[in-house]
Every structure is written in structure tokens, then in C-alpha cells.
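Notes to accompany the following structure.
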Amino acid sequence: MVTLALPGPASVIGPIIIHNALIKFYTDIIHIDPVYIGWIYFIYNLWNAINDPLLGIFVDRFKFNKKRGKYVYLMRVTAPVMLLSIFGMLFSSPSWNDWIIFAVLLLELFIFDTAYTVYSVAYQSYFLIAAPSKEERVDVEVIRTYIGNALGFITTIIPTLLLVGDGNRALIIPIFSVVIIVNALMYFVALRNLQDKAELYESIPKESSHQSFREVWKEAFTIIKSKPFITYLLYFITARGAIAYYFTPFLYYMDKVVKSSGIVATIADVVPGIIMLAILPVIGSLIKNTGSKNVIIISYIPAFLGFAGLLFIKEAWQAVICYTLIVISLNMTQTAGVAISGALIDEDERANGRRRTGLFNGIFALLTTTFISFQSIIFTNIISWFGYDGTAEIQTERAIMGIRIGAGLVPLILGVIGFVPLLLFPIGKKLEQELSDFSTGQRRYKQIDQEADDCN
Numbered sequence: 041m042v043t044l045a046l047p048g049p050a051s052v053i054g055p056i057i058i059h060n061a062l063i064k065f066y067t068d069i070i071h072i073d074p075v076y077i078g079w080i081y082f083i084y085n086l087w088n089a090i091n092d093p094l095l096g097i098f099v100d101r102f103k104f105n106k107k108r109g110k111y112v113y114l115m116r117v118t119a120p121v122m123l124l125s126i127f128g129m130l131f132s133s134p135s136w137n138d139w140i141i142f143a144v145l146l147l148e149l150f151i152f153d154t155a156y157t158v159y160s161v162a163y164q165s166y167f168l169i170a171a172p173s174k175e176e177r178v179d180v181e182v183i184r185t186y187i188g189n190a191l192g193f194i195t196t197i198i199p200t201l202l203l204v205g206d207g208n209r210a211l212i213i214p215i216f217s218v219v220i221i222v223n224a225l226m227y228f229v230a231l232r233n234l235q236d237k238a239e240l241y242e243s244i245p246k247e248s249s250h251q252s253f254r255e256v257w258k259e260a261f262t263i264i265k266s267k268p269f270i271t272y273l274l275y276f277i278t279a280r281g282a283i284a285y286y287f288t289p290f291l292y293y294m295d296k297v298v299k300s301s302g303i304v305a306t307i308a309d310v311v312p313g314i315i316m317l318a319i320l321p322v323i324g325s326l327i328k329n330t331g332s333k334n335v336i337i338i339s340y341i342p343a344f345l346g347f348a349g350l351l352f353i354k355e356a357w358q359a360v361i362c363y364t365l366i367v368i369s370l371n372m373t374q375t376a377g378v379a380i381s382g383a384l385i386d387e388d389e390r391a392n393g394r395r396r397t398g399l400f401n402g403i404f405a406l407l408t409t410t411f412i413s414f415q416s417i418i419f420t421n422i423i424s425w426f427g428y429d430g431t432a433e434i435q436t437e438r439a440i441m442g443i444r445i446g447a448g449l450v451p452l453i454l455g456v457i458g459f460v461p462l463l464l465f466p467i468g469k470k471l472e473q474e475l476s477d478f479s480t481g482q483r484r485y486k487q488i489d490q491e492a493d494d495c496n
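This is the structure in C-alpha cells:
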């Protein structure tokens with residue numbers, strides 16, 4: 041289980057550096073105009089949304105070869121590309137013209153995200169056939185969450201400390217380089233023992249390799265119009281998206297509504313994560329015994345209490361309680377979502393005789409990335425309309441109410457909207473178990489047949 045879990049957390053460091061440290065590094069150390077950075081990240085996020093289905097198709101069509109393998113081979117090829125592209129981002133010079141910095145950074149981000157997407161799709165595809173049952177997938181996700189949260193915490197703290205104060209470039213580049221070297225060692229450990237056994241691919245229907253792009257788009261339409269896919273998608277872009285977007289409103293809420301100190305805000309950020317990690321095994325057991333859909337329904341209870349509390353509370357310690365409930369709810373939905381994603385692909389394979397993991401995940405990522413991006417637009421427009429002034433030390437009562445509405449009421453409304461498609465989602469506990477048994481049978485029995493043929 042640990043071997044199967046490790047490639048996931050190994051890939052979290054790159055995106056954290058890009059999304060949490062790189063913007064400040066380029067504006068404060070490289071001294072590029074923030075307007076250029078804004079456009080760079082707009083184009084980057086656009087490519088990030090578009091490339092998921094395209095590269096998902098590429099991974100699905102990529103042929104297995106007994107000598108090189110398939111999914112593990114793709115991971116081993118793309119990991120060094122990600123590392124080198126991040127490393128190159130450190131060496132832009134303040135003496136360059138802004139347009140040169142713009143072009144070089146955009147190219148490096150393009151290379152990174154292309155490699156990262158192929159790696160992620162290949163890993164997810166490998167994970168779903170190597171862990172065919174719901175129970176195995178939940179166990180692996182629990183391990184991934186533990187390791188990923190620890191790495192995420194460390195990776196977030198280090199760049200923050202480096203970019204505070206004068207930002208000595210001579211110090212920043214060596215330490216960032218050490219982080220990248222450590223990440224390289226993690227990839228080495230994570231991918232060294234993964235095996236691309238032929239019997240894994242014997243269990244995948246041959247029709248899974250698409251023959252033409254016309255056929256691909258036809259298959260994409262059959263995925264989009266299926267009831268399991270569309271109901272889960274509608275839930276995901278409303279309720280799930282609102283819960284996942286809690287952190288940006290959290291910063292405004294702690295600073296302007298309850299007026300906490302930096303230490304208290306840090307505690308409010310760390311404590312929910314610690315509590316969540318402590319109860320994660322319980323969440324995993326609950327999913328196995330109760331079913332993923334039922335666990336997501338149960339997760340509405342802490343989410344409702346947490347977001348509703350943000351409309352009324354006045355003290356920082358009360359905010360800690362509210363955000364703890366929200367983080368617990370988020371991780372319940374995330375862990376259950378891994379099992380549901382696998383069940384959706386298993387259901388599609390059982391119904392159509394084709395396993396289309398890359399195409400499935402690519403379409404889902406394209407649609408969710410597009411719609412969930414509106415969460416930030418909704419929040420920023422609400423606080424702007426209510427008169428939020430970022431330059432003011434003390435906000436007006438109207439502005440504070442705007443933050444409360446954006447942080448608390450909007451997620452509640454989106455949660456209610458998302459509850460309807462969740463109830464209509466057809467994969468309940470019984471069907472989920474049937475699909476788990478089907479997937480296990482497809483993978484395990486064909487592996488046994490292949491081993492028997494090899495012996496003969």
C-alpha cells in the first residue's frame with residue numbers, strides 16, 4: 041500500500057512552489073511587473089484546463105510495451121522534466137526585459153504542467169488497476185493524505201520564510217535547489233519499486249485504446265451524458281467546490297472579522313489539519329462500511345455547522361472550531377471522492393466494455409477546473425460590492441458583513457444546490473460494492489489467467 045501511495049505525495053511539491061512561492065519570488069526578487077505575472081498565470085491556468093482531456097487521451101492511446109511498460113514508464117519520464125522545469129524557473133534575471141521573463145517563465149510553466157498532467161493521469165490510471173477494490177483505494181488514499189499533508193506543510197513554510205525580508209537571492213536559489221533535490225530523491229524512492237507488470241494491462245479491455253479522434257469525441261459525449269457522471273459533476277462544482285475554496289475567505293475572515301493575531305491565525309490553520317489527520321483512519325473505515333455517497337451526505341453536518349457559524353461568531357477561538365469542522369468535512373469528501381472516482385470508471389467499463397481512465401479524468405478535470413474557478417470571482421465580487429477596502433486597517437460593518445456572506449452564506453447556498461444532484465447520484469453503497477467486486481474480478485482473475493498461461 042505504501043509503495044502504491046508514494047508517487048502521489050512526491051508530486052505535490054512542484055505545484056505548491058508554483059502556486060504559493062513563485063509569484064512572490066518573481067515580483068519581489070526578479071522584479072517583474074505584477075501585470076505580467078497575472079497574465080502568465082491566466083494563460084497557465086487556461087492551458088491547465090485544456091490539456092487534461094488532450095493528455096488523458098494521449099495516455100489512454102499510449103501502447104504498453106513489455107520492455108518499457110506504460111504508466112510507470114510515463115511517470116519515470118515526466119518526473120525529471122518537472123524537476124528541471126522548476127529548477128529553470130529560479131534563474132530568470134532581474135536584468136532581463138519583462139517580456140523576456142514573461143516568455144521564459146510561461147514556457148517553463150507550459151513544460152512543467154504538460155509533464156505534470158501526464159504524470160498525474162498515468163499515476164491515477166495505474167493506481168486504479170493496481171488497487172481495484174474500494175477498500176484498497178481508501179487505504180491508499182489515507183496514506184497519501186498523511187504524507188501529502190506533511191510535505192505540503194513543510195513546502196509551504198520553507199518558501200514563506202525565504203521570501204520574507206530582503207530576499208537575498210544568493211540564499212534563496214541554493215535553498216530552493218535543495219528542496220528540488222529532496223523532491224528528486226522522493227521521486228526516485230517512489231518510482232523505484234513500482235512494477236509495470238504485463239498482467240495489469242491484460243485486465244484492461246483492448247478497446248480502451250482509442251483508434252481515432254472522431255471516436256474519442258464520440259466516447260467523450262457518452263461519458264458526459266451519463267447520469268453518474270453528470271450528477272457527480274454538478275455536486276462537485278457546487279457543494280464540493282465551495283468547501284474546497286475555504287482558505288482564501290479564511291484569510292480575510294481571521295484578519296478583518298475576528299481580528300486575530302498572526303499566531304492565532306496560524307493556530308487556526310494548523311489545528312484543523314492536526315485534528316483531521318487524527319481522525320482520518322475513522323473516515324476511511326466509515327467509507328468502507330457505510331459507502332462513499334453516504335459519507336459525503338454525512339459530511340454535510342460539520343460543513344453546515346462550520347459555515348453557519350461564520351455568519352455569527354465574534355471570537356478567534358470560535359473561528360478555530362468552525363474551520364476545524366469545515367476541514368473535517370472537506371477531507372471526508374476528498375477521501376470518499378477517490379472511491380467514487382474509481383467507481384465511476386468501473387461503472388463505465390462494466391457498461392461499455394472499455395476502460396477510459398485518462399479520457400474520463402481529463403473531461404472531469406476540464407469541466408471542474410473551468411467552473412470551480414468562479415468561486416474566487418464570486419467571493420471577490422461580493423466583498424468588493426460590500427465595500428471592502430484592502431488599504432484600510434479597520435473595515436466598515438458593511439464590509440465585514442460582505443466577508444461573512446462570502447465566507448459563510450455562499451458556501452451554504454452552494455451546498456444546498458449541490459445536495460440535489462448528490463441525492464440523484466445513482467452509485468450508492470450496494471452498487472459501489474458491486475463495482476468494486478467487478479473491478480477486482482477484472483483485474484485479479486485475468487492476472488491469474490495470464491500467470492497460468494505463462495506457466496504453460
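Numbered according to our numbering, the sequence shown spans residues 41 to 496. Every residue, glycine too, gets a C-beta built ideally from N, C-alpha and C.
State the DSSP-derived secondary structure class of N371, mapped to helix, strand or coil.
helix
Rounded to a whole number of angstroms, what is the C-alpha to C-alpha distance between L351 and K267?
35 Å
Going by CA-CA distance only, name the one from P134, I53, P451, S424 that's closest to R438.
Cα-wise, what sits closest to R438 is S424.
Could you tell me whether any non-hydrogen atom of the ligand COA is closer than 7 Å to the CB of G402?
For the structure depicted, the ligand COA is absent and the ligand set is empty, with no information on it obtainable.
Determine the direct distance from the alpha carbon of S479 to that of N392, and round the result to whole angstroms.
14 Å
For Y227, which of G398, W139, L44 has the nearest alpha-carbon?
The candidate whose alpha carbon is nearest that of Y227 is L44.
Between which two residues does the alpha helix (DSSP H) holding D138 run?
138 to 170
Compare the beta carbon distance of G382 and V161 with 8 Å and say whether it is the shorter of the two.
no
Who does L105 pair with in a DSSP beta bridge?
For the sequence presented, residue 105 should be read as Asn rather than Leu. Paired residues: G109.
Buried or exposed: where does W79 fall if 16 or more other Cβ atoms within 10 Å of its Cβ makes it buried?
By the neighbour-count rule (16 or more Cβ atoms within 10 Å), W79 is not buried but exposed.
Near T200, what residues of its chain come up, given a Cβ to Cβ distance below 7 Å and the 5 sequence neighbours on each side ignored?
The predicted model places T200 with a pLDDT of 46, which falls under 50 and marks its position as unreliable, so this point remains unresolved.
Tell me which same chain residues have a C-beta within less than 7 Å of the C-beta of E175, skipping the five on either side of it?
K328
Using a threshold of 8 Å, state whether the C-beta atoms of A223 and D153 are closer than that.
Reading off the sequence shown, one finds Asn at residue 223, where the question assumed Ala. Against a cut-off of 8 Å, the Cβ pair of D153 and N223 comes out as no contact.
Between the Cα of T118 and those of I361, F104, F150, A155, spot the shortest distance and give me the residue it belongs to.
A155
Can R184 and P49 be called in contact, C-beta distance under 8 Å?
yes
Can you give me the start and stop residues for the alpha helix (DSSP H) that T278 sits inside?
Premise fails: T278 is in no alpha helix (DSSP H) and is neither H nor E.
Taking DSSP as the reference, what is the three-state secondary structure of Q415?
Helix, per DSSP.
Below 8 Å between beta carbons: does that hold for Y272 and A359?
The answer is no: Cβ separation not under 8 Å.
Are there 16 or more other CB atoms within 10 angstroms of the CB of T436, so buried, or fewer, so exposed?
exposed
What ranges does the beta strand (DSSP E) occupy inside the region 318 to 381, keeping only unbroken runs of at least 3 residues that lie completely in it?
none
So, with DSSP's three-state summary, where would you put D236?
coil
Within 10 angstroms of the Cβ of I140, are there 16 or more other Cβ atoms? Answer buried if so, exposed if not.
I140 should be labelled exposed.
For N233, which option in Y113, V144, S133, I277 has the closest C-alpha, if you only look at C-alpha atoms?
Y113
Scan the region 422 to 475 and note each continuous alpha helix (DSSP H) run of 4 residues or more that stays entirely inside, going in chain order.
437 to 444, 450 to 464
If we ignore side chains and look at the alpha-carbon of each, how far apart do W357 and L130 end up?
39 Å
Would you mind working out which of D429, R396, I418, F419 sits nearest Y166, comparing C-alpha positions?
R396
Helix or strand or just coil, what does DSSP make of S132?
coil
Could you pull the start and end residues of the alpha helix (DSSP H) that V42 belongs to?
42 to 45
How far does the alpha helix (DSSP H) with G54 in it extend, from its first residue to its last?
53 to 56
Return the CA-CA distance between Y159 and L449, expressed in angstroms with no decimal places.
37 Å
Excluding the five sequence neighbours on either side, which residues of its own chain have a C-beta within less than 7 Å of the C-beta of A171, listed in chain order?
Cβ contact annotation for A171 (same chain, cutoff 7 Å, sequence separation greater than five): L44, R177, V180, in chain order.
Look up G188 in the DSSP assignment and say whether it is helix, strand or coil.
helix
Mind checking whether T157 and F276 have CB atoms under 8 Å apart?
Taking the C-beta atoms as reference points, F276 is found no nearer than 8 Å to T157.
Does the Cβ-Cβ distance between F465 and G446 come in under 8 Å?
no
Could you check where the alpha helix (DSSP H) with Y292 kicks off and where it finishes?
287 to 292
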